[in-house]
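Student: Just dropping this structure here.
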Amino acid sequence: MAAVYRKLRRYCTEAADGLILPDGRNGLTQVGHLALTPAALLAVETKNSGGLVLGQAGDRTWNQCIGRQRHKLQNPLRQNHGHIKAVQALVPGVPVSGVVALTNRGRFPTGQPVGLVVLSELHRVVGQGVGAGVPQTYRHAWEAVVGQSTTSRQTATGNLTLL
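When we follow the numbering used here, the leftmost residue of the sequence shown carries the number 8, and every step to the right adds one.
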């Protein structure tokens with residue numbers, strides 16, 4: 008989502024979106040956004056889920072309720088955990104954290120799970136290190152991850168074949 012990418016570019020040292028990385032299990036995973044911060048590399052999964060969203064951090068799936076309709080959603084916190092592990096495998100020893108950014112349309116009537124932030128509050132998570140220096144090891148790690156990735160745009164133009 009472009010709004011998340013714009014916020015990351017504004018509040019982080021570096022940001023990239025749509026990175027396709029090895030998942031550590033002989034496959035590939037697409038990381039929605041990756042940002043370089045003074046504290047860590049940050050994997051950000053974005054969801055544009057509206058209505059009521061029911062689910063806890065450890066649940067495999069969540070329920071989205073729009074009017075009388077209910078839809079099952081993959082728990083994005085679990086999904087982003089896989090992205091974090093993929094980045095960690097590429098840069099062992101460098102801190103990698105993650106957050107799920109939910110557009111402002113969704114509501115959690117039973118409480119918002121830890122690790123999830125609405126878009127209007129994303130700056131509070133990523134903006135904590137604005138102006139702070141990024142350790143050189145993190146910058147090298149950033150360059151290594153971005154260098155080993157392809158983007159969804161490259162995939163769409165036929166420069167990469169996913170198996």
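By construction, the Cβ of each residue, glycine as well, lies at the ideal position given by its N, Cα and C atoms.
#1: Taking Gly58 as part of the beta strand (DSSP E), name the residues at either end of that continuous run.
#2: Helix or strand or just coil, what does DSSP make of Gln86?
#3: Using 8 Å as the threshold, is the C-beta distance between Val103 and Leu28 below it?
#4: Less than 8 Å between C-beta atoms, sequence neighbours within five positions excluded: which residues of the same chain meet that for Val152?
#5: So what does Asp24 bridge to, in DSSP terms?
#6: Where does Gly140 fall in DSSP's three states?
#7: DSSP three-state label for Leu76, please.
#8: Suppose contacts are defined by Cβ-Cβ distances below 8 Å. Is Gly113 in contact with Gly57 by that definition?
#9: Kindly indicate which three-state DSSP category Gly154 falls into: helix, strand or coil?
#10: Considering Val11, what are the terminal residues of the beta strand (DSSP E) in which it resides?
#11: Gly70 and Leu61 look like a contact to me (Cβ under 8 Å); what is the Cβ gap, rounded to whole Å?
#12: For the beta strand (DSSP E) containing Leu123, name the first residue and the last one.
#13: What is the DSSP secondary structure of Val132, counted as helix, strand or coil?
#14: Ignore the nearest five residues each way along the sequence and tell me which others in Thr158's own chain have a CB closer than 8 Å to its CB.
#15: I'd like to check one pair, Ala10 with Leu126: are the Cβ atoms closer than 8 Å?
Tutor: On the basis of the supplied data:
#1: Working through the sequence shown from its first residue, we reach residue 58 at position 51. First-last of the beta strand (DSSP E) with Gly58: Gly58 to Leu61.
#2: As a position in the sequence shown, residue 86 is number 79, starting the count at 1. Looking at Gln86 - three-state DSSP - the assignment turns out to be helix.
#3: Here residue 103 refers to the residue found at position 96 when the sequence shown is read from its first residue. Here residue 28 refers to the residue found at position 21 when the sequence shown is read from its first residue. No; because the gap between Cβ atoms is not below 8 Å, this pair is not in contact.
#4: Looking up residue 152 in the sequence shown gives position 145. Leu26, Leu28, Leu41, Leu48, Val94, Leu97 and Val98.
#5: The residue you call residue 24 lines up with position 17 of the sequence shown. Partner(s): His40.
#6: Counting from 1 along the sequence shown, the entry for residue 140 is found at position 133. Correct three-state label for Gly140: coil.
#7: Counting from 1 along the sequence shown, the entry for residue 76 is found at position 69. Note that residue 76 is Gln in the sequence shown here, rather than Leu. In this structure, Gln76 counts as strand in the three-state DSSP scheme.
#8: Sequence index remark: in the sequence shown, residue 113 carries index 106 (1-based). Sequence index remark: in the sequence shown, residue 57 carries index 50 (1-based). Their beta carbons are under 8 Å apart, which means Gly113 touches Gly57 by this criterion.
#9: By 1-based counting over the sequence shown, the position of residue 154 is 147. Here Gly154 sits in helix by DSSP.
#10: Here residue 11 is taken as the residue at index 4 of the sequence shown, counted from 1. Taken as a continuous stretch (DSSP letters only), Val11 belongs to no beta strand (DSSP E), being part of the alpha helix (DSSP H) at Ala9 to Tyr18.
#11: Position 63 of the sequence shown, counted from the start, is the residue given in the question as residue 70. Position 54 of the sequence shown, counted from the start, is the residue given in the question as residue 61. What sits at residue 70 in the sequence shown is Asn, not Gly. The Cβ separation is near 5 Å, so the contact holds.
#12: Mapped onto the sequence shown, residue 123 falls at position 116. Residues Leu123 to Val125.
#13: Working through the sequence shown from its first residue, we reach residue 132 at position 125. Val132 falls in the helix class under three-state DSSP.
#14: Walking along the sequence shown from the start, residue 158 turns up at place 151. Taken in chain order, the residues that qualify are Ala23, Asp24, Gly25, Leu26 and Ile27.
#15: Position 119 of the sequence shown, counting from 1, holds the residue named residue 126. Position 3 of the sequence shown, counting from 1, holds the residue named residue 10. Remark: C-beta atoms of Leu126 and Ala10 approach each other more closely than 8 Å.
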